Amino acid sequence: MNDDLQHLKNVGKTSAQWLHAVGIHSTSDLRRMGAVDAYEAVRKRGFRATKVLLYAIEAALMDIHWNDLPTDRKDALNRQLQRIAVRRKRLAGP
21 MNDDLQHLKN
31 VGKTSAQWLH
41 AVGIHSTSDL
51 RRMGAVDAYE
61 AVRKRGFRAT
71 KVLLYAIEAA
81 LMDIHWNDLP
91 TDRKDALNRQ
101 LQRIAVRRKR
111 LAGP
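Counting in this note's numbering, the final residue of the sequence shown is number 114, and the numbers go up one at a time with none missing.
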């Protein structure tokens with residue numbers, strides 16, 4: 021199987037399998053969804069992904085190693101996750 025995702029930096033076999041499981045089958049799918057939503061989809065599916073996956077996806081879309089992802093970009097991703105968590109908590113109610 022020619023896996024477009026595994027040709028991206030930072031995306032190995034397991035990460036690619038997780039992404040496929042949530043309906044992301046190509047680089048263009050991943051770009052459309054974005055790193056945060058892709059990461060959230062993987063987590064909601066029950067996979068034990070850490071924030072390294074989030075950083076790896078974002079860095080893959082930038083064609084850099086995840087360790088080279090700038091701190092301000094990591095902070096922005098974490099803020100997006102926090103906003104999602106707050107929204108989810110509000111929707112869940114008291």
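Cβ atoms here follow ideal geometry from the backbone N, Cα and C, with glycine treated the same way.
None of the values given here were measured: they were computed from a predicted structure.
Of the listed residues the options, nearest to residue i (C-alpha basis)
i, options, result
"R35", "H85, K109, V106, L74", "Reading off the sequence, residue 35 comes out as Ser, not Arg. Out of H85, K109, V106, L74, L74 has the C-alpha closest to the C-alpha of S35."
"I117", "R65, N30, D24", "Given that the chain is displayed from residue 21 to residue 114, the structure contains no residue 117 and the question cannot be resolved."
"L97", "R110, G54, H40", "G54"
"R65", "D23, A41, H45", "A41"
Cβ distance (whole Å) where residue i is taken to contact residue j below 8 Å
i, j, result
"L81", "R51", "6 Å"
"V62", "L101", "So it is not a contact: roughly 13 Å between Cβ atoms."
Quick one: complete alpha helix (DSSP H) runs, 4+ long, within the stretch 21-95?
Here the runs fully enclosed are 33-41, 47-53, 55-64, 71-82.
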